[in-house]
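Protein chains: 2
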Amino acid sequence: MSGKEKSDCPINLSLEVIGDRWTLLIIRDMMFAGKKHFREFLQSEEGISSRTLADRLQALQDEGIVTRHDDPTHKLKAVYRLTSAGIDLLPILVNLGIWGNRYRPADPELGAIAEGLSADGAIEQMKRRLATEHLDPA
Amino acid sequence: MSGKEKSDCPINLSLEVIGDRWTLLIIRDMMFAGKKHFREFLQSEEGISSRTLADRLQALQDEGIVTRHDDPTHKLKAVYRLTSAGIDLLPILVNLGIWGNRYRPADPELGAIAEGLSADGAIEQMKRRLATEHLDPA
């Protein structure tokens, strides 16, 4: 522990970084909706505020989960991408989706996507696709 | 959706119920430390306050994740147990533990427990044990 953590339990340490619903919704948007611009995250149905979004994106960069680069095609835009640590959050998101599908009034189509990712090898396959898009983008 | 949810995305719906670090630390304590009394949760290293604990335990009961019963052996104590919906949160907790072990300065022994649960069938086996302890206690 570096001193600021409340315990060295691995579950607690993860929650200290991503245990905030807005943070995980941003990661969801990057993984499942291909979002990479500030304005795209703002448009998600849950209605994150511009201030919360800026705060969480900065925290995600500080923690090495997200990178920020200038967009070569839009001078004023930044592109946010996942690091490998960010991509490795996928099983957490998938299992949140599966639980939400089974116990909450979820959209059946979105629920089916989550359930589909519980198949053998599906998470690893999606991780490889995310790596291509985020770690080594064209 | 019943109207209060911000979207019917299954990930969002899960986070609306358990997207709070204290909530997941209580579930962790029930699953991995066998805690079932108010005072036991208070003693965890992260230092949850009595007020936050009471609030989160009530919310978990309202959402059907935790039950509260009188303790037959201690007149003044209540016993908190997981429902099947609560037990089904296990894969989320395990994957939080695995990520925390790989990317944060986690205790190696606790990290090894999380990694051990990534083995084929290990989560299902632990779910069965939790079901025996929580759904049909002696």
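Top line first, the protein sequences correspond to chains A and B. Numbered by the working numbering, the letters in the first sequence go through residues 1 to 138 in order. Numbered by the working numbering, the letters in the second sequence go through residues 1001 to 1138 in order. Glycine is no exception: its CB is placed at the ideal position from the N, C-alpha and C atoms.
Taking only beta carbons into account, state which residues of the region 1021-1051 of chain B come closer than 7 Å to chain A, listed in chain order.
Arg1021, Leu1024, Leu1025, Arg1028, Glu1045, Glu1046 and Gly1047
For Thr1067 of chain B, does the three-state DSSP call read helix, strand or coil?
strand
Buried or exposed, going by whether 16 or more other CB atoms sit within 10 Å of the CB of Asp120 of chain A?
exposed
Would the region 9-20 of chain A and the region 1017-1025 of chain B be scored as touching if the rule is three or more Cβ pairs under 8 Å?
With the cut-off at 8 Å, the region 9-20 of chain A and the region 1017-1025 of chain B touch.
Met126 of chain A versus Glu109 of chain A - alpha carbon distance:
18 Å
Reduced DSSP category for Asp1029 of chain B - H, G, I as helix; E, B as strand; rest coil
helix
Name, going along the chain, the residues of the region 1104-1117 of chain B whose beta-carbon falls closer than 8 Å to a beta-carbon of chain A.
Arg1104, Pro1105, Ala1106, Asp1107, Leu1110, Gly1111 and Ala1114
Leu139 of chain A, buried or exposed, once every other Cβ within 10 Å from all chains shown has been counted against 16
Limits of chain A in this structure are 1 at one end and 138 at the other, which puts residue 139 of chain A out of reach.
Contact set for Leu53 of chain A: own chain, Cβ-Cβ below 8 Å, skip 5 residues either direction:
Trp22, Ile26, Phe38, Phe41 and Leu42
Terminal residues of the continuous alpha helix (DSSP H) containing Ala1059 of chain B?
Ser1050 to Asp1062
Interface residues of the region 74-100 of chain A facing chain B [CB-CB below 7 Å]
Ala85, Asp88, Leu89, Pro91, Ile92, Leu93, Asn95, Leu96, Gly97, Trp99 and Gly100
Taking its Cβ as the centre, do 16 or more other Cβ atoms sit within 10 Å of His134 of chain A, making it buried, or is it exposed?
buried
Is there contact here, the region 1005-1014 of chain B with the region 90-104 of chain A, by at least three beta-carbon pairs under 8 Å?
Touching, per the Cβ criterion.
Coil, strand or helix - Ala112 of chain A by DSSP:
In the structure shown, Ala112 of chain A adopts helical secondary structure according to DSSP, grouped into three states.
Considering Cα atoms alone, identify which of B:Val1066, B:Ile1065 and B:Tyr1080 is closest to Pro1072 of chain B.
Looking only at B:Val1066, B:Ile1065 and B:Tyr1080, the smallest Cα-Cα distance to Pro1072 of chain B is reached by B:Tyr1080.
Which residues, in chain order, does the region 1002-1021 of chain B contribute to contact with chain A at a C-beta distance below 9 Å?
Against chain A - using a Cβ distance shorter than 9 Å - the residues of the region 1002-1021 of chain B are Ser1002, Glu1005, Lys1006, Ser1007, Asp1008, Cys1009, Pro1010, Ile1011, Asn1012, Leu1013, Ser1014, Leu1015, Glu1016, Val1017, Ile1018, Gly1019, Asp1020 and Arg1021.
Given 8 Å, three or more beta-carbon pairs between the region 55-63 of chain A and the region 1044-1052 of chain B:
no
Kindly indicate which residue of A:Ala78, A:Gly86 and A:Arg56 has the alpha-carbon position closest to the one of Ile65 of chain A.
A:Gly86
Under the assumption that Asn157 of chain A contacts Asn1095 of chain B (Cβ atoms under 8 Å), give the Cβ distance between them as a whole number of angstroms.
This structure cannot settle anything about residue 157 of chain A, because the visible part of chain A is limited to 1 through 138.
Which of helix, strand or coil DSSP assigns to Leu82 of chain A:
Leu82 of chain A: strand per DSSP, three-state reduction.
Roughly how far, in whole angstroms, is the beta-carbon of Leu1024 of chain B from the beta-carbon of Leu15 of chain A, given that I think they are within contact range, below 8 Å?
Their Cβ separation, rounded to whole angstroms, is 6 Å, which keeps Leu1024 of chain B and Leu15 of chain A in contact under 8 Å.
Member of A:Thr67, A:Asp55, A:Ala112 and A:His74 whose CA lies at the smallest distance from the CA of Met30 of chain A
A:Thr67
Classify Ala1033 of chain B: buried if its beta carbon has 16 or more other beta carbons within 10 angstroms, exposed otherwise.
exposed
Quick check: what's the CA-CA separation for Ala1112 of chain B versus Ala1078 of chain B?
32 Å
Could you name the residues of chain B that Arg128 of chain A contacts, counting a contact when the two beta carbons are closer than 7 Å?
Under the 7 Å cutoff, chain B gives no residues; its nearest Cβ is about 18 Å from Arg128 of chain A.
Under 7 Å (Cβ pairs) to chain B, residues found in the region 51-70 of chain A
none
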